[in-house]
Each structure stands twice: as C-alpha cells, then as structure tokens.
Ligand SMILES: C[S@@+](CC[C@H](N)C(=O)[O-])C[C@H]1O[C@@H](n2cnc3c(N)ncnc32)[C@H](O)[C@@H]1O
C-alpha cells in the first residue's frame, strides 16, 4: 500500500532504510565503483551544498540520486536536447537540481513528492539554486498528480514508490514526447530483484516493471549497471516494432 499522508511520519521513521536498502549494491566490484566515481565530475556549488546537507541530515541519504546517476541524467538531457522533464520522487531535490542545471533556457523540471516535510527541504534547496526557477515542485501522491499533467515530457525520471512503477509507466507513457526517454532507478533494488526469494511489494513491483518494459513492443530499452540499476526506455524507431 502507498503511504497516505497521516501514515507518513511512521513510514518516514521506520521504512526508508528497509525500502531503499542501498543505492549502490555489492553487485558491482567496489574497486570499479571507486574508480568510476573518481572519474566523474563531483557535485559543486548549491547542488554540492544540497547533497552534503542530505548526507549529513537525513536518515536515508542513499535515497538521493548518487553522483553517477545524476551525471547520467544531465548527459541524457544535453544529448537528447530535453526541455521538459518530469521527476517522480523529489526527496531533497538533488536529482531535480542536477537536471535543471542541464536544461536550456525555458526548460522545466516538474518534480513530484508525497511527503510535505521532505518537500519543504527540497523547496529550500530549490530556492537556493541559480537553476531553481526552472523547477516546479508539486506535493501529493504522484499517480494523482500525473493524471492532471499534460506533457509531453522529454525525459521522465521514475524514482518514487517502487510498488507503483508499473502504474507510473502506464501513466507516463502516453505523456512521453515522440523522442522522449523514461529513466527508472533501483531496478536491482540492492540485489533483491535478482533474488527469487525476495517477495516484498517494492521488489515485486520493480520486477513487474522490468518485465512490462521488456515486453512493450512500442519501446526499446536498456538496463544499465549504474548505481542500483537504471532502466532507460524510449519509443522504437519507425519500422523497428
Ligand atoms: C529515492 S527518493 C527520490 C530521490 C530523488 N529523485 C533524487 O534524485 O535525489 C524517493 C522519494 O519519493 C517519494 N515518494 C514515495 N512515494 C511517493 C508517491 N506515492 N508520490 C510521490 N512521491 C513519493 C518519497 O517520499 C521520497 O522522497
């Protein structure tokens, strides 16, 4: 079940660590991860401040987009010329702000967060950023909010309630621009997605989503072994169905 607002405090206190066991699983050799991080542009400026604040002040800093993933999102925006981005799951705003920085003038990030307390933190980080004017933060359950958004979006970043990934996919696919890309985080779920004995609702949702995308003949997709597993999906080129 998704968290209703009155259950949020308990959920926040007890569940984050269980729901998001780790951002970088032990599936990838730690020496390779260290080397990759040493050769990836570090966070700086107000984004660096937001990332450091998240690291020092939240009980589950691993929920924030890791450096490699944030830089991948930026690269996708630059390469694809994205102008309008939808992020599902804001947390403290690090992902939203790294994407906002990569957008051209007039570009927008619409970011959705269910938890009003963490949304207030994100808003502080957004207000402190020179790219904050590009970010619209909407507080509420993502599925309800998406229903009222028009799109089209050039990039959709799915990073919220794992059990809802199949529903997020159904909701955003019609709002994806012709040459848009969906980016979904936590496909490995710290290794649980690969463990057939793991049956919690988030892991089941993630596995269902991976299969759903794989079987969707209207898209091409790739599952990257970056961070906790990142799925990219985009419309099939014409004639490639
Ligand atoms: C992994 S964190 C997002 C990290 C963020 N994308 C970043 O780049 O730093 C997941 C966030 O999704 C939020 N969330 C969970 N369920 C949600 C829902 N149903 N609707 C909107 N947000 C939700 C959580 O409160 C949490 O802040």
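Residue numbers (the working numbering): 12 to 252. Glycine is no exception: its CB is placed at the ideal position from the N, C-alpha and C atoms. A quick note: this is a predicted structure, and the numbers were derived from the prediction, not measured.
Measuring only between beta-carbons, confirm whether residue 110 sits less than 8 Å from chain C. Here chain C cannot be found, since the structure has a single protein chain.
Ligand 1 and residue 137: does any heavy atom of the ligand fall closer than 7 Å to the residue's C-beta? Translated into positions along the chain shown, residue 137 becomes position 126. No, the beta carbon of residue 137 sits no closer than 7 Å to any heavy atom of ligand 1.
Please classify residue 46: is it buried, with 16 or more other beta-carbons within 10 angstroms of its beta-carbon, or exposed? Within the chain shown, the letter at position 35 stands for residue 46. Label assigned to residue 46: exposed.
Taking 7 Å as the cut-off, is the CB of residue 129 close to at least one heavy atom of ligand 1? By one-based count along the chain shown, residue 129 stands at place 118. Yes, Cβ of residue 129 sits closer than 7 Å to a heavy atom of ligand 1.
Could you check the C-alpha separation between residue 137 and residue 120 for me, to the nearest Å? Reading the chain shown from its first residue, position 126 is the one you call residue 137. Reading the chain shown from its first residue, position 109 is the one you call residue 120. So the two alpha carbons sit approximately 11 Å from each other.
If you measure from the CB of residue 124, is any heavy atom of ligand 1 nearer than 7 Å? Taking the chain shown and counting its residues from 1, the one referred to as residue 124 is at position 113. The beta carbon of residue 124 sits closer than 7 Å to at least one heavy atom of ligand 1.
Could you spell out where the beta strand (DSSP E) holding residue 164 opens and where it closes? Here residue 164 corresponds to residue number 153 of the chain shown, with the count starting at 1. Counting along the chain, the beta strand (DSSP E) containing residue 164 begins and ends at 164–169.
From the DSSP secondary-structure annotation, give me the bridge partner or partners of residue 122. The count along the chain shown starts at 1 and reaches residue 122 at position 111. Answer by DSSP bridge pairing, in chain order: 98, 148.
Less than 8 Å between C-beta atoms, sequence neighbours within five positions excluded: which residues of the same chain meet that for residue 182? Looking up residue 182 in the chain shown gives position 171. Apart from sequence neighbours up to five positions away, the residues of its chain that approach residue 182 with a beta-carbon distance below 8 Å are 154, 157, 158, ordered along the chain.
Quick check on residue 34: buried or exposed, where buried means 16 or more other Cβ atoms within 10 Å of its Cβ? Taking the chain shown and counting its residues from 1, one reaches residue 34 at position 23. Unreliable positioning characterises residue 34 in this predicted model, as indicated by a pLDDT of 48, which lies under 50. The coordinate reading is nonetheless provided below. Result: buried.
Secondary structure at residue 234, three-state DSSP: helix, strand or coil? The count along the chain shown starts at 1 and reaches residue 234 at position 223. It is a strand residue.
Would you check if there are 3 or more beta carbon pairs closer than 8 Å linking the stretch 201–208 to the stretch 100–116? Contact between the stretch 201–208 and the stretch 100–116 is absent, because fewer than three Cβ pairs lie under 8 Å.
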